[in-house]
Every structure is written in C-alpha cells, then in structure tokens.
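Peer 1:
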Amino acid sequence: MASSVRPGPISATTRLTGIFGDPIGHSLSPAMHNAAYAALGMDRRYVAFHVTRAELLPALRGIAPLKIAGVNLTLPHKARALAVMDELTAEGELLGAINCVINRDGKLVGDNTDARGLERDLHAHGIGIAARTVLVVGAGGAGAAAVVALSRLKAARVVIANRTARRASALARRFAQGALRRTRFEAVGLRELVNSSLLAELVCVVNATSLGLTGADFPHLEYDATPPNCFFYDTLYARRPTRFLAGAIRARRKCADGAGMLVEQGELAFNLFNGVRAPHGVMRRALLDTLGRTR
Ligand code: NAP
13 MASSVRPGPI
23 SATTRLTGIF
33 GDPIGHSLSP
43 AMHNAAYAAL
53 GMDRRYVAFH
63 VTRAELLPAL
73 RGIAPLKIAG
83 VNLTLPHKAR
93 ALAVMDELTA
103 EGELLGAINC
113 VINRDGKLVG
123 DNTDARGLER
133 DLHAHGIGIA
143 ARTVLVVGAG
153 GAGAAAVVAL
163 SRLKAARVVI
173 ANRTARRASA
183 LARRFAQGAL
193 RRTRFEAVGL
203 RELVNSSLLA
213 ELVCVVNATS
223 LGLTGADFPH
233 LEYDATPPNC
243 FFYDTLYARR
253 PTRFLAGAIR
263 ARRKCADGAG
273 MLVEQGELAF
283 NLFNGVRAPH
293 GVMRRALLDT
303 LGRTR
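Under my numbering, the first residue of the sequence shown is numbered 13, with each subsequent residue one higher.
Listed below in structure tokens is the structure:
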C-alpha cells in the first residue's frame, strides 16, 4: 500500500513543510503529506506545529530563515496571517483568509485551497448544482469557501444560514459583486432550516459550522422536507458519520463528509509547497487509514 512506504532518514538536507494551529494534535495533514513524500522518495517532512495566537506572527517570520518550504494554517490563524504576507493570491483576497503560506525565495505568499478543494470534491460526487438552489449552514471561513465553491459550480441561488445573522449578510453582500455575481446570494437565520418551502427546492445542503462532531447538537433541520435526491455534505470529517450526516442517513438522503475536501485541499497545497503533484490516491489512502475507514 502506497501510504505504508517507509520514509528515508532525516538529515541536514531534509526540508520541512507543516501546519500551524491551536489546537493541532488532531491534525491529519501530517499523515497525508508525509505519505506523499515517502511515495515520491522526497527528502522532505511535514510537521504539525502548535502555534498559539500570540505566537503566530513570530512563527510566520521564522518560515523564511528556517527555509521551510510552506505551511498550512488552521484555526485560529486563517484570517490574522493575511497581514504579514508579502503577496496574496486572488483566491486569498476573495476569501479574506488563507490556509497556505508558500515560501517563494524568502517571500511569503498567502493562498487558500479550501474553496477549490471543496469544489473538486463536490464535482467528484457528481451532484448537479448548475442552475439550482443550495443551502450553506455557517458563515465563517469554511462557509465562505463553500459559498465560493457552489457559486463556481454554477448554483443559481446560494442561501447562507447562520446563527449570527450579520455574518451571513456580510458574506452575501461580499460575493454579490465581482466574479461570482451571476449567483443570487441570500442570508437567513437558522430558523430557515425548518422552512419546508425552502427545503423543497434544495439539491445540496453543506454544513460549514463547527457543530455536529462533539458538544452541541446540530440545529433542528427538516431533512424529510428536502427532495429525495438532495445531497448532504459536511465539511467536518470523522471516523463515524457526524450528527449533521446522521440525520441525512436516517432520511435516506445521499451524503458525504469533508474527508474528500481535506484530501483535495491537501493535494493542492502539496503542489504549491513542493512544485510537484502528490501521487494519485496516496494522500486519500493515508487519511482513510488514519481514520480507520475504507471510504
Ligand atoms: P469559523 O470561522 O470559526 O466558523 C464557525 C461557524 O460555526 C460559524 O458560522 C459559527 O456561527 C458556527 N457555530 C459555531 N458554534 C455554533 C453554535 N453553537 N450554534 C450555531 N452555529 C455555531 O470556523 P471555520 O474555519 O469556518 O471552520 C468550520 C469547520 O469547517 C471546522 O470545524 C473545520 O473542521 C471545517 N473545515 C473543514 C475543512 C476540510 O478540508 N474538510 C476545511 C476547512 C474547515 P457564528 O457566526 O454565529 O459564530
């Protein structure tokens, strides 16, 4: 199996990539990236760095002198890191957050692979989004990525439901101008998750909140009011179905969790950091092995 290829020794020539986050112990990115390095025989390692809010700026400033090739950023750093980038890609600017910092000859370039990762995964699931209505629950970083991905898949209408209404409205306003303006964006509260006339129009519902894995329950959603072919997608991933997906499974709707998005955004990041593509299927296999799943 490709993900079980043994890595070579660490030496003075080994170059690092990694991820900054707090907490970081749960990150599955090291398993995915290191499996790809081992499969390619590359003298590189991907390390999870526990970096607190207060440590973010000094940690980012250390990337260039330590010759780190690139790092991913996860909670709570995706927005704050923007301020110290030498350059920002159009995607980073559009999303107002970055999940990748690339060391380009000592210059820090900020990019974001979340929307492209989700777009690829939704495309792979073969859901017909074009000209249809979709619902995104959540208006944080993953919510923004989901809205952008669905708009690029040519949704006619993206409804954004969020606990804090002004955050959903801000997202809808931001994307109503510019490249995504062909899509109609609407902001609503979580009450709309039981609005049967809205639910009856949906082809896809994306959970982009941090809810549903542990702790608080996912808000009440009338799964049965959606069409039988409505697809439920959770940006979260776990060993077992999340609470959001458990409702969809009970209602016999098709669904997927964010493992595929994680793999796709990871493959894009691997290419940005290393200038080569990860071998097909290796990062996915490593992730599924770590989660103890077959798909
Ligand atoms: P974030 O910016 O902090 O946003 C969190 C969202 O969850 C907000 O919409 C927030 O609503 C909502 N929320 C939190 N607690 C809530 C509660 N008790 N009731 C109702 N809504 C609640 O976080 P993020 O960066 O978007 O990340 C969200 C999730 O996406 C993460 O858990 C992460 O695992 C997942 N993600 C997955 C991938 C992947 O590759 N699969 C990539 C990125 C993110 P308010 O605005 O009202 O606070």
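Think of the CB as a built atom: it goes at the ideal place given N, C-alpha and C, for glycine as much as any other residue. Since the structure is predicted, the reported quantities are computational estimates derived from the model, not experimental observations.
Using only the alpha-carbon positions, how far apart do Tyr249 and Ser208 sit?
Peer 2: The residue given as residue 249 occupies position 237 in the sequence shown. The residue given as residue 208 occupies position 196 in the sequence shown. Going from the Cα of Tyr249 to the Cα of Ser208 covers about 27 angstroms.
Peer 1: Please name the residue in Arg186, Thr145, Gly37 whose C-alpha comes closest to that of His62.
Peer 2: Working through the sequence shown from its first residue, we reach residue 62 at position 50. Of the candidates Arg186, Thr145, Gly37, the one whose C-alpha sits nearest the C-alpha of His62 is Gly37.
Peer 1: So what's Val63 in DSSP terms, helix, strand or just coil?
Peer 2: In the sequence shown, the residue the question calls residue 63 occupies position 51. Secondary structure at Val63: coil, using DSSP grouped into helix, strand and coil.
Peer 1: Using DSSP bridges, identify the partner residues of Thr238.
Peer 2: Along the sequence shown, read from residue 1 onward, the residue named residue 238 stands at position 226. Per DSSP, none; premise fails for Thr238.
Peer 1: Is it right to say Asn241 is buried, meaning 16 or more other beta carbons lie within 10 angstroms of its own, or is it exposed?
Peer 2: One-based indexing of the sequence shown puts residue 241 at position 229. Flag for Asn241 reads exposed.
Peer 1: Please state the DSSP three-state secondary structure of Phe32.
Peer 2: Taking the first residue of the sequence shown as position 1, residue 32 is located at position 20. When secondary structure is reduced to three states using DSSP, Phe32 falls in the strand class.
Peer 1: So, at 8 angstroms on beta carbons, what are the nonlocal neighbours of Gly304 in its own chain, with the 5 sequence-adjacent residues on each side left out?
Peer 2: Here residue 304 corresponds to residue number 292 of the sequence shown, with the count starting at 1. Result list for Gly304: Arg251, in chain order.
Peer 1: Please classify Phe243: does DSSP put it in a helix, a strand, or coil?
Peer 2: By one-based count along the sequence shown, residue 243 stands at place 231. It is a strand residue.
Peer 1: Can you give the Cα-Cα distance for His292 and Thr176, rounded to whole angstroms?
Peer 2: As a working mapping, residue 292 is identified with position 280 in the sequence shown. As a working mapping, residue 176 is identified with position 164 in the sequence shown. Put simply, the backbone Cα of His292 is about 40 angstroms away from that of Thr176.
Peer 1: Just how far apart, CA to CA, sit Arg265 and Gly153?
Peer 2: Within the sequence shown, numbered from 1, the residue matching residue 265 stands at position 253. Within the sequence shown, numbered from 1, the residue matching residue 153 stands at position 141. Whole-angstrom Cα-Cα distance: 26 angstroms.
Peer 1: Tell me the rounded alpha-carbon separation between Ala157 and Ser23.
Peer 2: Looking up residue 157 in the sequence shown gives position 145. Looking up residue 23 in the sequence shown gives position 11. For Ala157 and Ser23, the distance between alpha carbons rounds to 38 angstroms.
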